[in-house]
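The structure appears below as structure tokens.
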Amino acid sequence: MRLRSDTRHKLEGYIFILPFIVGFFLFFLSPLIRSITLSVSDVTKMVGLSDMTLVGFKHYVYAFTGDVEFIPKFLQVITDTLVNTPMILVFSFILAIMLSRNIRCRGFFRVVFFLPFLLGSGYVMSVLLDLGLDQMAVSGAKDLLLTDEIKELVGPGVVNVVDEFFSRISTVLWKSGVQIIIFLSGLQSISPALYEAARVDAATEWDIFWKITLPMMTPIIFLNIVYTIVDSFGDVNNAMINYFTDKCFSENQVCYAAALSWIYFLFVAVLLGLVFLFMNRIVNRTVGQG
Amino acid sequence: MNTTMQTLLKKGNALRHKVQLSRIFIYVFLIIMSYMFLYPFLYMIVTSIKSQADLFDVSINWIPSGAEWQNWRAAFVNLDFSAHIWNSLLIVSVCTLGHILSCAFIAYGFARYQFPLKGLWFVLVVLTIIIPSQVIILPLYLTYTDMGWLNTYLPLMVPCFFGFGLRGGIMIFLFRQFFIGLPRDLENAAKIDGCSFMGAYFRIAFPTARSSILVCFVLSVVWHWNDYYEPVIYLGKSSQWPLPAMLPTIYEKYLAASAELTTNADSIITRGVLMAAALLVIAVMLLMYCVVQRQFIQGLEHSGLSAE
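Pasting the structure below:
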């Protein structure tokens, strides 16, 4: 039997995504549903988790009202992400702009800036952070900048901000390898004709940055924001993930752990949704202008 | 005439001066940044050859008084390197192969074909990127227990062949970008010459995606090599563990040793041994990166993530 070419085309498409569909049901959807059921149940028998009774949102309520550890840890992860993400974006953008210039040893710098990515969120990195390497890397610069005289001059408010900056800067930089390369690829795709036209019209570098580079880069910035947020919330070293893994595998509170992980995921989803709405508006506006 | 020339020249000189200054600033900034990015590696290398005396000597920072290779031997033994390196290599190579085969295949379907519910399926791909795998780790564990896959490498490897595994969604996304940017002419020509749709993919599209394959290869190797979270959960016997999973034990020994402040025993884990072990864990990955770095960075840059 010969199929109509239109049907055939659709069928071929489905053959290609078939592995994903199978994988989705096996390794994603069924665990997902099971995890939701667990989060609204109580288990009496640990083996095979057979005796489940529905208890509604008890675990969710308990997380916010009864658990003294949950909220501080959750807030910690949220603050870290909300502070680090803009820092990662700004620094990787600056570095990418510098690397996109015609400079010597560009290859060397690009390779170096990507190196910490190899440590990623692996155990080696967590050991290094535990030993305080991120502070050691900046201690020299910090001592140079924050001498006692300067501390007195600028007052404790500024000193705190600078302190906070130095305590985060190393980890921020070490996490920006992928973002630098993505920004770089975006910068190189902007047509040189645009820049030339602007220079002919006597635009300054400053104008060019705000009126050409930044608007053209909004889709890439969006991509990087999403990547950074997902990367930071999925980091196995972060306090929340450690917390619910411990609850689940060491303390055997499987249902509560499932509820915690859902609260966590829903928060990430809401945050990404907000980013999406916000960026959509900006992208539409810049497109409208152009 | 002469005076206008002179003023023009002066202006030109001033401009060149300004450009030169901004260049110097860029270089200084980039060099400081390179120091920051290289710091963890330099620190690990230098510390790994420090003797115990050097470690306690605050005046010795970057240049140790001599190389203590004993650290490396101790790290080698403590990691049980010769046994666990094979576990790591096996897991990583099979998982990476699975990612390359499956993610490119799936992505090709998304890039080249129009079919009902395509939008929905792609949203689901994005969803698998966004949901941290830790959210479903327990039900997954239960599923694998039912399948009898516990204490084997199957839970780590099999999902990779279906576009799942560690961040499979990102790989699908990367390959899709590549195939969207690839002109259809070659495949169409092949089809006219009687090539089947599978042939067009395997003989033409897939081999053309060399740069994306390399990017996927490096990302997949790095992510799987560093992963100690899943192996420790699925593999009960520590003899099956990959290299990074051995590091926590050494770190605990180090912490215990430094808390007691004992300096006499020979078998003690010093910071030098710890750093040597850390380097041994990432050594193969570093080597791989050094070999392919140029093509990899270029591939990632040209992965079709354009600003349009």
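Chains as they are written, first to last, in the working numbering: chain P, 1 to 290; chain E, 291 to 598.
Glycine included, C-beta positions come from ideal geometry on N, C-alpha and C.
These figures come from a predicted structure and were not determined experimentally.
Exercise for the section: Measure the Cβ-Cβ separation of Trp-273(E) and Gly-120(P) and say whether it is below 8 Å. Expected result: Because chain E is modelled from 291 through 598, residue 273(E) falls outside the range shown and cannot be assessed.
Exercise for the section: Consider the Cβ of Glu-598(E): report whether some Cβ of chain P lies at a distance smaller than 8 Å. Expected result: As a working mapping, residue 598(E) is identified with position 308 in the second sequence. Its pLDDT being 44, under 50, Glu-598(E) is placed unreliably in this model, and the value from its coordinates should be taken loosely. Interface residue, yes.
Problem - Per-residue contacts from Val-571(E) into chain P (C-beta, under 9 Å) - result: Working through the second sequence from its first residue, we reach residue 571(E) at position 281. Neighbours of Val-571(E) on chain P, chain order: Gly-122, Tyr-123, Val-124.
Handout entry: Near the ligand MN: Arg-101(P) beta-carbon under 7 Å from a heavy atom
Key = This structure simply doesn't include the ligand MN, nor any ligand for that matter.
Handout entry: Phe-454(E) at chain A interface by Cβ criterion, 8 Å
Key = Considering every chain present, this structure includes no chain A. Its protein chains are P and E.
Problem - C-alpha gap between Leu-75(P) and Thr-81(P), whole angstroms - result: Taking the first sequence and counting its residues from 1, one reaches residue 75(P) at position 75. Taking the first sequence and counting its residues from 1, one reaches residue 81(P) at position 81. Rounded to the nearest angstrom, the two C-alpha atoms are 10 Å apart.
Exercise for the section: Return no unless some Cβ of chain P is closer than 8 Å to the Cβ of Asn-516(E). Expected result: Indexing the second sequence from 1 puts residue 516(E) at position 226. By this cut-off, Asn-516(E) is an interface position.
Practice task
Run the CB neighbour count on Cys-105(P), radius 10 Å, all protein chains shown included, and call it buried at 16 or more, exposed below.
Solution key: Looking up residue 105(P) in the first sequence gives position 105. Classification of Cys-105(P): exposed, given that the 10 Å Cβ count is below 16.
Handout entry: Residues that Gly-234(P) contacts on chain E, provided the C-beta gap is smaller than 7 Å
Key = Here residue 234(P) corresponds to residue number 234 of the first sequence, with the count starting at 1. Chain E residues near Gly-234(P): Pro-422.
Exercise for the section: Measuring alpha carbon to alpha carbon, tell me which of Ser-548(E), Ile-559(E), Pro-406(E) ends up nearest Leu-537(E). Expected result: Counted from its first residue, the second sequence places residue 537(E) at position 247. Out of Ser-548(E), Ile-559(E), Pro-406(E), Ile-559(E) has the C-alpha closest to the C-alpha of Leu-537(E).
Practice task
Counting only runs of 4+ residues fully inside the stretch 521–574 of chain E, write out the alpha helix (DSSP H) ranges in chain order.
Solution key: 537–550
Exercise for the section: Compare the C-beta of Ala-568(E) against all C-beta atoms of chain P and say whether one is closer than 8 Å. Expected result: The residue you call residue 568(E) lines up with position 278 of the second sequence. Chain P contact via Cβ: present.
Handout entry: As assigned by DSSP and simplified to three states, the class of Thr-292(P)
Key = Chain P is shown from 1 up to 290; residue 292(P) falls before or after that span and cannot be answered.
Practice task
Please report how far the alpha carbon of Ser-528(E) lies from the alpha carbon of Ile-381(E), in whole angstroms.
Solution key: Here the question's residue 528(E) lines up with position 238 in the second sequence. Here the question's residue 381(E) lines up with position 91 in the second sequence. If you take the alpha carbons of Ser-528(E) and Ile-381(E), they lie about 15 Å apart.
Practice task
Using the Cα positions of Ser-548(E) and Tyr-325(E), report the straight-line distance between them to the nearest angstrom.
Solution key: Numbered from its first residue, the second sequence carries residue 548(E) at position 258. Numbered from its first residue, the second sequence carries residue 325(E) at position 35. The straight-line gap from Cα to Cα measures roughly 28 Å.
Practice task
Check the Cβ-Cβ distances between Gly-290(P) and every residue of chain E, and say whether any is below 8 Å.
Solution key: Locating residue 290(P) in the first sequence gives position 290, counting from the first residue. Its pLDDT being 42, under 50, Gly-290(P) is placed unreliably by the model, and nothing is read from it.
Problem - Residue span of the beta strand (DSSP E) that contains Asp-42(P), given as start and end - result: Taking the first residue of the first sequence as position 1, residue 42(P) is located at position 42. Residues 41–43.
Practice task
Sort Leu-131(P), Lys-73(P), Asp-163(P), Pro-116(P) by Cα distance to Leu-173(P) and report the nearest one.
Solution key: Numbered from 1 along the first sequence, position 173 holds the residue referred to as residue 173(P). Checking every option, the nearest Cα to that of Leu-173(P) belongs to Pro-116(P).
Handout entry: Below-8 Å beta-carbon distance, Gly-132(P) vs any chain E residue
Key = For the purposes of this step, residue 132(P) is taken as the residue at position 132 of the first sequence. So, not an interface residue.
Exercise for the section: Can you have a look at Ala-373(E) and say buried or exposed, based on whether 16 or more other CB atoms are within 10 angstroms of its CB? Expected result: Taking the second sequence and counting its residues from 1, one reaches residue 373(E) at position 83. Exposed is the call here.
Practice task
Consult DSSP for Glu-598(E) and reduce its assignment to one of helix, strand or coil.
Solution key: Position 308 of the second sequence, counting from 1, holds the residue named residue 598(E). Its pLDDT being 44, under 50, Glu-598(E) is placed unreliably in this model, and the value from its coordinates should be taken loosely. Coil, per DSSP.
Practice task
For Gly-458(E), name the three-state secondary structure that DSSP assigns.
Solution key: Stepping through the second sequence from its first residue, residue 458(E) is reached at position 168. Of the three classes helix, strand and coil, the one that applies to Gly-458(E) here is helix, per DSSP.
Practice task
Using a Cβ-Cβ cut-off of 8 Å, state whether Ser-100(P) counts as contacting chain E.
Solution key: If you number the first sequence from 1, residue 100(P) lands on position 100. By this cut-off, Ser-100(P) is not an interface position.
Handout entry: Close Cβ partners of Val-415(E) (< 6 Å) along its chain, the five nearest in sequence each way excluded
Key = Locating residue 415(E) in the second sequence gives position 125, counting from the first residue. For Val-415(E), where only same-chain residues beyond five positions count, the Cβ hits under 6 Å are Gly-459, Ile-462.
Handout entry: Neighbour-count burial assignment, Met-240(P), 16 or more Cβ in a 10 Å radius
Key = Working through the first sequence from its first residue, we reach residue 240(P) at position 240. Buried is the call here.
Exercise for the section: In the DSSP assignment, find the unbroken alpha helix (DSSP H) run with Ile-396(E) in it and report its ends. Expected result: For the purposes of this step, residue 396(E) is identified with residue 106 of the second sequence, where counting begins at 1. It spans 371–402 - the alpha helix (DSSP H) in which Ile-396(E) sits, taken as one unbroken run.
Handout entry: Option nearest Asn-516(E) by Cα separation, candidates Asn-478(E), Arg-500(E), Met-575(E)
Key = The count along the second sequence starts at 1 and reaches residue 516(E) at position 226. Considering only alpha carbons, the answer is Met-575(E).
Problem - Ala-597(E) versus Asp-436(E) - alpha carbon distance - result: Locating residue 597(E) in the second sequence gives position 307, counting from the first residue. Locating residue 436(E) in the second sequence gives position 146, counting from the first residue. In this prediction, Ala-597(E) has a pLDDT of 47, which is less than 50 and means its spatial position is unreliable; what the coordinates show is noted afterwards. Approximately 47 Å, taken between the alpha carbons.
Handout entry: Neighbour flag for Trp-206(P) against chain E, beta carbons, 8 Å
Key = Working through the first sequence from its first residue, we reach residue 206(P) at position 206. Closer than 8 Å: no.
Practice task
Would you give the residue range spanned by the alpha helix (DSSP H) that Cys-506(E) belongs to?
Solution key: Stepping through the second sequence from its first residue, residue 506(E) is reached at position 216. That run of the alpha helix (DSSP H) goes 500–516.
Problem - Ile-103(P) at chain E interface by Cβ criterion, 8 Å - result: What you label residue 103(P) is simply residue 103 of the first sequence in a count that begins at 1. Chain E, which has a Cβ nearer than 8 Å to the Cβ of Ile-103(P), makes this yes.
Problem - Collapsed DSSP secondary structure at Lys-151(P) in the structure displayed - result: Walking along the first sequence from the start, residue 151(P) turns up at place 151. Here Lys-151(P) sits in helix by DSSP.
Practice task
Return the first residue and the last residue of the alpha helix (DSSP H) that Asp-67(P) is part of.
Solution key: As a first step, residue 67(P) is located in the first sequence; it is residue number 67 there, counting from the start. Unbroken run through Asp-67(P): none, as it is neither H nor E.
Practice task
Please say whether Leu-89(P) and Asn-238(P) have beta carbons closer to each other than 8 Å?
Solution key: Counting from one through the first sequence, the residue named residue 238(P) turns up at place 238. Counting from one through the first sequence, the residue named residue 89(P) turns up at place 89. Against a cut-off of 8 Å, the Cβ pair of Leu-89(P) and Asn-238(P) comes out as no contact.
Handout entry: chain P residues whose Cβ lies nearer than 8 Å to that of Gln-583(E)
Key = Counting from one through the second sequence, the residue named residue 583(E) turns up at place 293. Those within 8 Å of Gln-583(E) in chain P are Val-111, Phe-114.
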